[in-house]
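A.B. asks:
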Amino acid sequence: MKFGVSVFPGTWSDVDCYSVIDDVLGYEVEYVWHKETELDTYDCIIIPGGFSYGDYLRCGSIASLSPIMNSIKDFAQRGGLVIGICNGFQILVETELVPGVLLRNKYLEFICKNVFVKINNSENNYFKNIKKNTLELHIAHNEGNYFCSDDQMKKIEDNNQIALLYCNESGVVDEKINPNGSSKNIAGIFNKEKNILGMMPHPERMIDSYLSGVDGSIFFENLINNLR
Numbered sequence: 001m002k003f004g005v006s007v008f009p010g011t012w013s014d015v016d017c018y019s020v021i022d023d024v025l026g027y028e029v030e031y032v033w034h035k036e037t038e039l040d041t042y043d044c045i046i047i048p049g050g051f052s053y054g055d056y057l058r059c060g061s062i063a064s065l066s067p068i069m070n071s072i073k074d075f076a077q078r079g080g081l082v083i084g085i086c087n088g089f090q091i092l093v094e095t096e097l098v099p100g101v102l103l104r105n106k107y108l109e110f111i112c113k114n115v116f117v118k119i120n121n122s123e124n125n126y127f128k129n130i131k132k133n134t135l136e137l138h139i140a141h142n143e144g145n146y147f148c149s150d151d152q153m154k155k156i157e158d159n160n161q162i163a164l165l166y167c168n169e170s171g172v173v174d175e176k177i178n179p180n181g182s183s184k185n186i187a188g189i190f191n192k193e194k195n196i197l198g199m200m201p202h203p204e205r206m207i208d209s210y211l212s213g214v215d216g217s218i219f220f221e222n223l224i225n226n227l228r
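Our numbering numbers the first residue of the sequence shown as 1 and each following residue consecutively.
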């Protein structure tokens with residue numbers, strides 16, 4: 001099992017993602033610079049959070065044109081797993097690897113706090129066999145407001161592509177606890193084939209009970225167990 005963590009100018013969650021796989025879980029992982037194009041040796045590519053290219057133009061728009069993204073498209077078409085976290089999610093929507101767009105947060109302010117998310121679809125390698133329906137994760141973003149057209153939303157719902165929903169601690173999905181205005185409380189989206197996952201919450205920040213929590217570890221451990 002081997003992971004690759006992509007690195008763009010301005011990426012800053014790459015070290016956290018690397019540490020989860022290497023230090024906490026003990027699996028092989030490498031940084032992959034955005035100009036590299038050879039991904040055949042990896043089982044899963046993580047596109048981490050940060051401010052790729054300073055978030056100029058639109059978040060993730062410049063990064064979407066980097067050489068690695070064509071290789072990630074090919075990698076995913078061959079069935080490889082791709083996780084885009086926060087800015088990584090923004091890069092995925094810019095490359096149209098997952099549907100929709102990510103807009104400014106509803107109240108036009110940066111949000112940094114723990115949230116609860118409900119697993120909406122567990123029939124995939126990311127969430128299958130997780131015994132909890134609700135995870136506590138962390139968000140830190142200014143553009144996390146997920147939006148798509150009505151036609152896109154119908155296709156997303158028909159294909160069961162909604163991965164995660166913002167909820168309360170009990171798993172109740174309610175607009176009142178929607179942190180950023182995302183349509184239907186969406187916190188994460190799959191591609192149609194369910195091998196690409198875009199999510200705004202940061203599981204890599206929730207790996208230590210003394211510092212934050214362990215639900216992020218549950219997410220990564222479950223993924224690895226499903227792939228072994």
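Beta carbons are placed, not taken as given, at the ideal position from N, Cα and C, and that holds for glycine.
Measuring alpha carbon to alpha carbon, tell me which of D40, N180, I83 ends up nearest A140.
C.D. replies: N180
A.B. asks: Distance, Cα to Cα, Y31 vs Y18?
C.D. replies: 8 Å
A.B. asks: Provide the residue span of the beta strand (DSSP E) that contains K2, from first to last.
C.D. replies: 2-7
A.B. asks: On a CA-only basis, which of E169, K154, I207 is nearest S183? Give me that one, please.
C.D. replies: K154
A.B. asks: Hey, out of Y166, G26, K192, E109, whose CA is closest to E157's CA?
C.D. replies: K192
A.B. asks: On a Cα-Cα basis, can you pick out the residue from G60, V98, L65 that is closest to V160?
C.D. replies: The sequence given here places Asn at residue 160; Val does not occur at that position. Cα-wise, what sits closest to N160 is V98.
A.B. asks: At which residues does the beta strand (DSSP E) containing M199 begin and terminate?
C.D. replies: Element bounds for M199: 196-199.
A.B. asks: Per DSSP, what kind of secondary structure is I207 in: helix, strand or coil?
C.D. replies: coil
A.B. asks: Output the residue ranges of the alpha helix (DSSP H) runs that lie fully inside the region 138-191 and measure 4 residues or longer, sorted by chain position.
C.D. replies: 150-158
A.B. asks: Where DSSP assigns a beta bridge to V29, which residues make up the other side?
C.D. replies: Paired residues: F3.
A.B. asks: Looking at the structure shown, is K113 part of a helix, part of a strand, or coil, going by DSSP?
C.D. replies: strand
A.B. asks: Closer than 7 Å by C-beta to F147: which residues in its own chain qualify, once you throw out the five before and the five after it? Chain order, please.
C.D. replies: G100, V101, L103, S183
A.B. asks: When you compare only the Cα positions, how much space is there between I218 and V172?
C.D. replies: 21 Å
A.B. asks: Short check: CB of N114 to CB of N226, under 9 Å?
C.D. replies: no
A.B. asks: Where does the unbroken beta strand (DSSP E) through L277 begin, and where does it stop?
C.D. replies: Not covered by the structure: residue 277. The range shown for the chain is 1 to 228.
A.B. asks: Would the beta-carbon of N121 be found less than 8 Å away from any heavy atom of the ligand FMN?
C.D. replies: Among the components of this structure there are no ligands whatsoever, and the ligand FMN is therefore not found.
A.B. asks: CA-CA distance, F89 and G50?
C.D. replies: Roughly 11 Å between the two C-alpha positions.
A.B. asks: Starting from L92, follow the alpha helix (DSSP H) in both directions and report where the run begins and ends.
C.D. replies: 87-94
A.B. asks: Looking at C-alpha atoms only, which residue of D22, M199, S13, D150 is the closest neighbour of G188?
C.D. replies: M199
A.B. asks: Helix, strand or coil, according to DSSP, for I21 in the structure here?
C.D. replies: helix
A.B. asks: Helix, strand or coil: how does DSSP classify G54 here?
C.D. replies: It is helical.
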